[in-house]
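Report on the structure given below.
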Ligand code: NAD
Ligand code: ZN
Ligand code: ZN
């Protein structure tokens, strides 16, 4: 089978032949139909973060495909069923985080396409318990972006406790942001969309954003403040400075949710203002299996739109460039 492999950080991925993996106990082998390209895969391939994957490795954690083989003891999935394999590839199920609904914080977790090989391949392995069944009626190319971009932003808005009529600012209308915007609308918020490319600003308008802010020409904080300030701002732009701007655009009692993970990302905040204004800063990492099933249910009910274009797996390096240059439509989805 073909797989796209990172051998060295910052170097192009190499398409190579590998044996089709055999599932061990509790595992499945998935035949890939669609594999979303999350910006996280680019951070992984560049070694951008303090905790690094170990080359050689196969990135990819928005993997959708058909169960090809099941390992010993797997009873919940059958060969031929369509599944989605997310970033949370495994959690222990026994620690305090796992037992209290926070499996995404499990210290024993394994991450697809990072600590274990991911889905930039014709076939990949998954722990059966962490592969989500894709409901009938959702095509694999839409299911793939929902598997990370969808569940991550759905969870980010959940932890922000968005209430109807609140002003929610979405900073970065890329793969994650175009879905964040829609979940904020579903929760009844007034939505401000911030980006730095004409295409993404147009997309935000098309998706019905109430306020569209071009951060190249306007100060998002000033625009948000002119509208009373944002109750919630969600940081999805791969740019540390955008967090500070989003923070500055909050109203009193505002919540800033950090989601994007720029290399060497940091945020300096004034203690006095944070205390006096009762501001919350919340870090949010992907979502649980339960969150993902809600994301799929919303999509099956036609409440969300996934904006994507297909690319071949063999075009993965050119696809990385498209995303880095901001030329990609909301999401690129690789096909084997
Ligand atoms: P993307 O490249 O598709 O989208 C980023 C968007 O931000 C683009 O539309 C870009 O034009 C815009 N942008 C760039 N600079 C900006 C600025 N200064 N102000 C406003 N917008 C700006 O990336 P993505 O796949 O949506 O991922 C975004 C980030 O989220 C990445 O860092 C990724 O690693 C991270 N991520 C985090 C989690 C998590 O669980 N916390 C999950 C998935 C992805
Ligand atoms: Zn992702
Ligand atoms: Zn655990």
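Numbering (the working numbering), first residue to last: -17 to 318. By construction, the Cβ of each residue, glycine as well, lies at the ideal position given by its N, Cα and C atoms.
Which residues are close to ligand 3, meaning CB closer than 5 Å to any heavy atom, in chain order?
73, 74, 77, 80, 88
Which residues count as close to ligand 2 when the rule is a CB under 5 Å from any of its heavy atoms, in chain order?
20, 22, 130
Spatial neighbours of residue 40 within its chain, please: CB distance less than 8 Å, with the 5 preceding and 5 following residues excluded, ordered by chain position.
-15, -14, -13, -12, 95, 99, 100, 101, 102, 103, 106
Check the C-beta distance from residue 260 over to residue 234 and give it rounded, since I have them as a contact under 8 Å.
6 Å
Measuring only the C-alpha atoms, how far is residue 292 from residue 162?
21 Å
Which of helix, strand or coil does DSSP assign to residue 39?
strand
Which same chain residues, not among the five before or five after residue 133, have their C-beta less than 7 Å away from its C-beta?
68, 268, 269, 273, 274, 277
Taking residue 190 as part of the beta strand (DSSP E), name the residues at either end of that continuous run.
Note, residue 190: premise wrong, no beta strand (DSSP E); not H, not E.
In this structure, how does DSSP classify residue 29 when only helix, strand and coil are distinguished?
coil
Going by DSSP in three states, residue -9 sits in which element: helix, strand or coil?
coil
Using a threshold of 7 Å, is the CB atom of residue 25 nearer than that to any non-hydrogen atom of ligand 1?
yes
Between 208, 250, 120, 244, which lies nearest to residue 231 when the distance is taken from Cα to Cα?
208
I'd like to know whether the C-beta atoms of residue 64 and residue 87 end up nearer to each other than 8 Å.
no
Could you check whether residue 313 and residue 168 sit closer than 8 Å to each other, using their CB atoms as the reference points?
no
Do residue 241 and residue 310 have their beta-carbon atoms positioned less than 8 Å apart in this structure?
no
Go to residue 159, then tell me how far its alpha helix (DSSP H) extends in each direction, as first and last residue.
157 to 168
According to DSSP, simplified to helix, strand and coil, what is residue 98?
strand
Along the chain, which unbroken stretches of the alpha helix (DSSP H) at least 4 residues long are found entirely within the region 100 to 135?
122 to 127
Straight-line Cα distance separating residue 110 from residue 246
34 Å
In three-state terms, what does DSSP make of residue 34?
coil
Which stretch, first to last residue, makes up the beta strand (DSSP E) that contains residue -1?
-4 to -1
Taking the C-alpha atoms as reference points, what is the distance between residue -5 and residue 13?
20 Å
N-terminal and C-terminal residue of the alpha helix (DSSP H) that residue 256 is part of:
253 to 259
Helix, strand or coil for residue 22? Go by DSSP, reduced to three states.
helix
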